[in-house]
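Engineer: Protein chains in written order, with the working numbering: chain A, 1 to 364; chain B, 1001 to 1364; chain C, 2001 to 2364; chain D, 3001 to 3364.
Glycine residues also receive a C-beta, built at the ideal position from the N, C-alpha and C atoms.
Please read all numbers here as calculations on a predicted model, not as lab measurements.
#1: Would you mind sorting residue 3196 of chain D into buried or exposed? The rule is 16 or more other CB atoms within 10 Å of its CB.
#2: Considering only heavy atoms of the ligand FAD, does any lie closer than 7 Å to the CB of residue 1032 of chain B?
#3: Can you tell me the Cα-Cα spacing of residue 2225 of chain C and residue 3128 of chain D, whole angstroms?
#4: Assign residue 101 of chain A to one of three DSSP states: helix, strand, or coil.
#5: In three-state terms, what does DSSP make of residue 186 of chain A?
#6: Going along the chain, which residues of its own chain have a beta-carbon closer than 6 Å to the beta-carbon of residue 2250 of chain C, five neighbours each way excluded?
#7: At which residue ranges does the stretch 2171-2242 of chain C contain complete alpha helix (DSSP H) runs of 4 or more residues, listed in the order of the chain?
#8: Which residues in chain C sit within 8 Å of residue 3290 of chain D, going by Cβ to Cβ distance?
#9: Do the stretch 60-77 of chain A and the stretch 3026-3035 of chain D meet, that is, are 3 or more Cβ pairs less than 8 Å apart?
#10: List the DSSP bridge partners of residue 1152 of chain B.
#11: Determine the chain B residues that contact residue 2347 of chain C at a beta-carbon separation under 9 Å, and present them in chain order.
#12: Check this for me: beta carbons of residue 356 of chain A and residue 145 of chain A, under 8 Å apart or not?
#13: I'd like to check one pair, residue 1156 of chain B with residue 1199 of chain B: are the Cβ atoms closer than 8 Å?
#14: Exposed or buried, which one is residue 3393 of chain D when buried takes at least 16 other CB atoms within 10 Å?
#15: Within 10 Å of its beta-carbon, does residue 230 of chain A have 16 or more other beta-carbons around it, so buried, or fewer, so exposed?
#16: Assuming residue 350 of chain A is part of the alpha helix (DSSP H), what are its boundary residues?
#17: In this structure, what does DSSP give as the bridge partners for residue 1081 of chain B?
#18: For residue 6 of chain A, which residues does DSSP report across the bridge?
#19: State the Cα-Cα distance for the pair residue 3300 of chain D and residue 3338 of chain D, rounded to the nearest angstrom.
#20: Quick check: residue 2042 of chain C and residue 2065 of chain C, are their CB atoms within less than 8 Å of each other?
#21: Ignoring anything shorter than 4 residues, give me the alpha helix (DSSP H) runs that lie fully in the stretch 2244-2308 of chain C, in order along the chain.
#22: First and last residue of the alpha helix (DSSP H) that includes residue 2046 of chain C?
#23: Give me the Cα-Cα distance between residue 2314 of chain C and residue 3020 of chain D, rounded to the nearest whole angstrom.
#24: Which partner residues does residue 1075 of chain B have in the DSSP bridge list?
#25: Is the beta carbon of residue 1166 of chain B closer than 8 Å to that of residue 1220 of chain B?
#26: Please state whether the Cβ-Cβ distance between residue 2208 of chain C and residue 2342 of chain C is less than 8 Å.
#27: Which residues, taken in chain order from the stretch 3299-3328 of chain D, show a beta carbon closer than 7 Å to some beta carbon of chain C?
#28: Should residue 3352 of chain D and residue 3186 of chain D be called a contact, given that it needs their Cβ atoms to be closer than 8 Å?
#29: Would you be able to state if there are at least three C-beta pairs under 8 Å between the stretch 3307-3327 of chain D and the stretch 3251-3262 of chain D?
#30: Roughly how many angstroms lie between the CA atoms of residue 1189 of chain B and residue 3004 of chain D, to the nearest whole one?
#31: Consider the Cβ of residue 180 of chain A: report whether some Cβ of chain F lies at a distance smaller than 8 Å.
#32: Does residue 3243 of chain D come within less than 8 Å of chain A when only Cβ atoms are used?
#33: Leaving aside the five residues before and after residue 3378 of chain D along the sequence, list all residues of the same chain whose C-beta is less than 6 Å from its C-beta, in chain order.
#34: Rounded to whole angstroms, what is the Cα-Cα separation between residue 1013 of chain B and residue 2069 of chain C?
#35: With respect to the alpha helix (DSSP H) encompassing residue 131 of chain A, which residues constitute its N-terminal and C-terminal limits?
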């Protein structure tokens, strides 16, 4: 089944394996006339790049994008935009010892069952490396959104039970600055330090740890569509398509299950210009699947990475029980949530760009 | 934007407003040769029907389905199956008092902004009444799944902070029986009583309460597709498309954010026939978006219903602040999670039927 | 495979068998605010209705549409519009004698091979009766198009080798009036009489005859999309989806194969307001798959209907050679092209409505 | 609007401009386990390559494909297959003189109207150069089809009114050999010589000429789906998406309009093994949109190429009337139909691969 496209009107199709020659994406449906440079895309990739801090994997990809189509004299033409990122630091040899095992928490078990064969080198298509294409495409989506004053910022909200206070949703510039300053992409300075210590500890134990990413977006009223194309349905789908995700919640989320209607209903108010808006935002920015104009706010749960350097039980492809541990030379992240910040942001931008184009099909 | 279809190969398209003449669905892509009766669909609708207990709204719909196409001599023909359910107890008059207000927690604000007009009678297309079409279609999906020994059971897991113990995931027959016996669709008898008391109390306060629905499915290995079509991405989208949902989590879900890899990784084991399987199921039944053969397990958060009989602040369509309360004659549910049990089950069946057909496109 | 939907943004899904209880369609994606009445749809169905003249089959369907959803106070709401047409004159008994035969030129052979069973009554889903849903949906598309001054007229261009002169493409009102006046829907009076005589003759011989439908549309510049979504690709697909069609050509069509570039290239000219336009229209209204603003012009070939009252050789379902003839009581058309005029028009309107919505996704 | 994808289950997405850095395609949905080599793709590209004979344009592209993903140890993995073809002989300078003109018969008029800007170098995305990606993807589709004994052969059937006799549809190997031997891809030797002479003459006149491509495919019974997804509807759409096409006809095609039912109906017969088949094949291989098992046969009309070296009238972008001629240094084809043979074959393979996967969703 074709399963490598995302979006309807602003639509991406991605390809490439972790240890193959390249990762890439075709962006189809971007309106013409948008100014765009390779540097703008590289900048987003830079933010995602591994090996940047003590807390992420040391794989040393330069991740420079080659723009193959869709631009003319610095502007998009309406034609598909193809972006290519060569894999330069691929080192499949380190996977030799793992190729005959079902790796706990990994997709090689299911891929082998489904496809009869598996590109074991670095997880092939199931690798987190695949997300570089999402971030590259997200950079283009963000450029389009910026034209409409739409912006979104993702951040680390919680790691290993250490939760940052809920950030101010009204000022995205400040929020972004705080996130970029933090070594663990958490807007709260104090929590950042605690999370950094937690990750260092986990790393020392040859273990890994889970986390939660939050995301706030400023969008106009009216994005999203009724019934099966609700904005939150698309966001949920986008987030659960990111490797290692286990949950999605919007606004009050799972906490809503413990609330009463009289608490949870966001009363409408009206400002001096006569604009109606919800006074509180338990809804998280949508009603009936359509944006209210209040900040969009949601959270995404990430499991602890499955590749750990502690011994684990498993079974060989031949069906024999065995014990193994991920080689110490392997390049793995102790907390994938940290790496996922730009990915959540990119997928949000892709959902919003698609919703924006759908909504520009205005009523009479 | 066309937004009323769900699924790719097993595909439904629904229509109908809460207080219009009828609700209906076209099911396109059901394989030929499947035995099917109207009674089987009616039985599922019966389970969803309002006015069944003290804990659900008193709207008295008979909800009998008319089958308009797609069957010949008791079997599906491969042609689209159209199902029609007439609205018999529609009473738009009760909405007269609400038609000039933005109703907190309701979609009339966003629909008015997006479409310029709104069928205020009972929420129109944004009404929970729309889900009757999902349940009818789900009945057909379940029949198809049963042919492949696939089954799923949804249940009330938590209401207002009162949580049932996690049910046994291995025996779906018993689980289903427990759910159907409980007046609040909760498989645990003791918790059922507590939840019933909680709802009665909330009802007396003219308020409403949130809840969490759990769902377990038994499915073969190999359902779901890589990257953007992961099984959990489709489930998340399906669940967040149900009115009043605020969150989705699979397996360990948000709890994964507090776990270490050494705890969370499900070790593989092998049984005496040589079948490999995960010993624990923190994953919730998928790896890399593809089913492992372990039980699929996920949870869905529902907000407290927005229609409450307590006074609430809001703004009129003309922009004046006002206070109002949902009329006491209105037919509203104190806990929509209860009503959502068959809807969650139906949407699960629709996702699985689609994944099943996609997976029958077997490798060489 | 789900195969009963057409269009992307203006999207229809149809259902119903020739001799089942009803035929119907859901129109999803129609913008809100469009005034619409049941009468407008009935009027289009009236034009398609069988039994209107000596030259079409005597099946006596009233074909009155029931509008089940999507309207509020006389205007579309943006919600799906469901239309239901009951089959009142269904008489499956006449198909008893045919049910054990492979009928030459009919789909029961392929349906039986593909689905293992076949609703033999009147052709089931393969019947021309299915097109009533297309015409009903087309009526809504036409209403939307009219809002944008887009119009299209189909007509009989040729029957059994008798060809009408190419009509004036500039005045659609006159063309429509001529078509509606003709008993055989041919705008040229003299050719009409010849075609009528030809059909009468064929009918007397218990035979049938093929024909060609032409269609002219007035549309703005810019409809259609590059590469795989060219306007003519969608038109070709739409036309070849109509039962009994064998070919499609746009502008010069197959005659282009005998032309030189210096003849075929339409030179550009400029009018006094500075509007650039092609002086001739061999292109038929598009260049590179996108409309030029010149009249869209294309033709569709229809085979002679397969149901004839002459003896024919065939094979029974058990594999025995046999001879048969369609019962004289059967209600069949001697020239299906005549009946297809409103169907071609409806499918054109559906393609154009979809292209229009796609194009309203304007460049920056 | 995203418009650069084709197919549903076997799905391609293409990108790249005529004079940009590269052309490419992602093939998504190819089943795993298919042996595939770069050489097999190169061989198909070789057949399409310009500059091969006196009768095609002298652009000297080597057209070697780089395979970027989706293979592991010589077999497809089920992951997307990305193919990249660098443009090496791009020479945008020759388009400088044309960039301020609306070119008759070209898409720059419509692209400028629709997108506000146009990559004038060689037609950008509207160039025939785009079809190299179709041929590359078609090579993969053909490999998949071969596994199921499905084959197709396209050929020149007519140029400038010179028509070859209809070829034997039963022996595709011989037909392919005849086509590949002919300098003008026409299976009939005598007609080949006449067509070659015609093209030489046209070339000398600085003019161009149209033609018709025929295609025969051997496919099993059951491909294609009812109503809007008929096999011929997909073929028609595929063919009309190829640049310069003006028409499509299947089986009897436009000639059906002059035939009677008693002539046109293909009688069923039964062979000694009890297999039922149509004795004649006016249908062209389908009934009700589903393949009968008889050879699929259709024809595609191509206009004469618009780029000619004769003087032509037109208008400048500023709206002034002018005269121009395509520079003699430009690399243009006198008869694009010749170049289109492998493109028609590739698009046929893509339609059939998609139909094959759809049909493997077998009835119960």
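Structural biologist: In short, the structure shows the following:
#1: Label assigned to residue 3196 of chain D: buried.
#2: No copy of the ligand FAD appears in this structure; indeed no ligand is present at all.
#3: In a straight line, the C-alpha of residue 2225 of chain C is about 16 Å away from that of residue 3128 of chain D.
#4: In the structure shown, residue 101 of chain A sits in a strand (DSSP, three-state: E or B).
#5: coil
#6: Apart from sequence neighbours up to five positions away, the residues of its chain that approach residue 2250 of chain C with a beta-carbon distance below 6 Å are 2232, 2284 and 2298, ordered along the chain.
#7: 2172-2181, 2189-2204 and 2231-2240
#8: 2107, 2110, 2111, 2113 and 2114
#9: no
#10: B:1217
#11: Correct list: empty, because the minimum Cβ distance to chain B is about 17 Å.
#12: yes
#13: no
#14: In the structure displayed, chain D extends from 3001 to 3364; residue 3393 of chain D sits before or after that span and is not available.
#15: buried
#16: 336-359
#17: B:1027
#18: A:12
#19: Computed Cα separation, rounded: 12 Å.
#20: yes
#21: 2261-2264
#22: 2038-2048
#23: 57 Å
#24: B:1035 and B:1072
#25: no
#26: no
#27: Taking 7 Å as the Cβ-Cβ cut-off against chain C, the residues of the stretch 3299-3328 of chain D that qualify are 3301, 3302, 3303, 3304, 3305, 3306, 3308, 3310, 3312, 3313, 3314, 3315, 3319 and 3321.
#28: no
#29: no
#30: 56 Å
#31: Among the protein chains of the structure shown, namely A, B, C and D, there is no chain F.
#32: no
#33: Only positions 3001 to 3364 of chain D appear in this structure, which leaves residue 3378 of chain D out of reach.
#34: 13 Å
#35: 131-147
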